[in-house]
Each structure stands twice: as C-alpha cells, then as structure tokens.
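Everything on this sheet refers to the single structure shown next.
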Amino acid sequence: MLEDVSGRIDAVRQQIAEAARGVGRKAADVTLIAVSKTFGAEDIQPVIEAGQRHFGENRVQEALAKWPGLRDTYADLTLHLIGPLQSNKAKEAVGLFDVIHSIDREKIARALAAEMEKQGRRIPCFIQVNTGEEEQKAGVAPGEAGSLVALCRGELGLEIAGLMCIPPVDEEPAIHFAFLAKLAGELGLKGLSMGMSGDYTTAVELGATHVRVGSAIFGVRG
Ligand SMILES: *Cc1c(COP(=O)(O)O)cnc(C)c1O
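This note's numbering numbers the first residue of the sequence shown as 1 and each following residue consecutively.
Written out as structure tokens, the structure is:
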C-alpha cells in the first residue's frame with residue numbers, strides 16, 4: 001500500500017515538474033494538495049508517510065473527524081479547505097484549516113473575517129470564481145470577482161492569496177485556467193488554485209500555483 005501510494009505521488013510530482021519545466025516555471029512554485037475527501041485516517045497516513053504535507057478536504061464536518069488526530073501525530077501539515085462553506089461553519093473552519101480556497105460571497109467573507117479576528121488567526125484565502133457561470137456551481141460570477149476581492153482586502157482585511165476555479169466538466173479546462181490566470185493578473189493576485197487529477201498538468205502550464213489532486217493519489221473514491 002505504502003509503495004503504491006508513494007509511487008503515485010512520485011508520478012504526480014514528476015508530471016508537475018515536467019509541465020512546469022516545459023513553460024519555464026519551477027516545480028517548487030507549484031504546491032501539490034492531496035485531496036483526501038472520503039478517505040479515512042488509515043488511508044491518509046501512508047500518504048503523509050510518503051512525504052506529502054499539504055492536504056485538501058471539501059467538508060468541514062468530515063475533516064474535523066479525522067484531522068485533529070492526525071495532527072497530533074504529524075505537526076507540520078497544511079490543511080486546505082477546498083469545498084463550499086456555510087457561514088455557520090466558519091468558526092470550525094477557521095479553527096481547523098490553514099488555507100481556505102472557497103470564499104465566493106460577501107456573507108461568508110464577513111463570517112470568516114469575524115472568526116479570524118475572534119480566534120486571532122489570519123488564514124490566507126482564495127476567491128472561488130464560477131468561470132463557467134454554471135447555475136448549480138459555487139463561485140462568484142467573473143464580473144463580480146473584482147468587487148469581492150476589493151471588499152475582502154479592504155474593509156475586511158483578509159489575506160487574499162489568489163483565485164480558485166473548478167471548470168465545467170464538459171468544457172476544455174485550458175480555457176477556464178487561462179481565463180482565471182488573466183483575471184488574477186488584472187486584480188494583482190499571484191495565487192491560482194486550479195487543476196485536478198484529470199487536468200493538473202494543463203493547469204501548471206497555465207500558471208497554477210496550487211493543484212488539487214485526489215484520485216490520482218488516493219485512487220478512485222468509493
Ligand atoms: C474532489 C476535489 C478535487 C480533486 O478531484 P480529483 O479529480 O479526484 O483529483 C479537487 N478540487 C475540489 C474542489 C474537489 O472537490
């Protein structure tokens with residue numbers, strides 16, 4: 001099991017390095033987030049043992065059930081919240097996570113800012129942009145991203161690391177990654193959280209600073 005997992009992680013890291021090199025970027029400028037949603041602590045532990053330190057979860061409740069225990073054992077982990085957040089979970093999210101990728105509206109930005117103030121924690125955040133303007137999908141509309149970023153950085157004093165997107169499943173992801181990169185540039189943001197198991201090399205070629213890779217590391221989710 002451990003060998004399988006470390007082989008898969010090595011393969012992903014190698015792909016990232018190759019994609020980065022191909023466009024004159026450094027592999028070290030891309031953070032690999034291993035997305036461990038639906039997997040338990042017993043599946044995650046071998047991935048940590050294989051040297052992986054950044055992990056992503058999409059549900060606060062699920063993350064609370066497994067990460068505090070793992071963190072007692074491994075002190076140097078960075079935990080990323082990559083899924084949609086309700087404001088009634090802001091307290092727990094701020095208490096547990098180190099980076100939040102999914103701010104997509106004023107209400108949640110305000111709730112997070114208030115919690116960070118209360119808990120004395122300043123957590124870097126990404127603004128999630130609904131680049132495909134899909135009705136059912138989380139994310140701020142592209143045309144409203146600028147004003148949300150301005151509110152977060154200005155009045156709310158949040159540390160905005162960059163932009164995040166999840167392209168529509170039936171469209172060419174490169175178009176969405178290029179769009180997100182352009183939008184981030186216009187807003188003066190450096191971070192780009194984009195790319196999953198099926199398209200992370202494309203994302204790296206288009207400037208991703210954070211790729212969120214689940215099944216290519218953990219295997220298919222049950
Ligand atoms: C599940 C998930 C991923 C990882 O997806 P894979 O295709 O398994 O790599 C990435 N980002 C978000 C927001 C997710 O929910």
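Every residue gets a Cβ at the ideal spot worked out from N, C-alpha and C, and that includes glycine. Just so we're clear, the structure is a prediction, and the values are computed from it rather than from any experiment.
| Query | Result |
| --- | --- |
| For CYS125: DSSP bridge partner residues | ILE100, ILE160 |
| Contact under 8 Å by Cβ, ASP104 with VAL140 | yes |
| According to DSSP, residues forming a beta bridge with LEU79 | PHE55 |
| Backbone CA spacing between LEU70 and ALA63 [nearest angstrom] | 11 Å |
| GLU134 to ALA27 span [Cα, whole Å] | 32 Å |
| ASN88: CB within 7 Å of a non-hydrogen atom of ligand 1 | no |
| Proximity of LEU163 and VAL129 at Cβ, strictly below 8 Å | yes |
| One or two residues paired with ARG212 in a DSSP bridge | ILE33 |
| Environment of LYS89 [buried if 16+ CB atoms lie within 10 Å] | buried |
| Check: GLY83 C-beta below 7 Å from any heavy atom of ligand 1 | yes |
| Counterpart residues of SER193 in DSSP-defined beta bridges | MET164, HIS210 |
| Environment of GLY7 [buried if 16+ CB atoms lie within 10 Å] | exposed |
| Contact test: LYS137 Cβ vs ligand 1 heavy atom, cutoff 7 Å | no |
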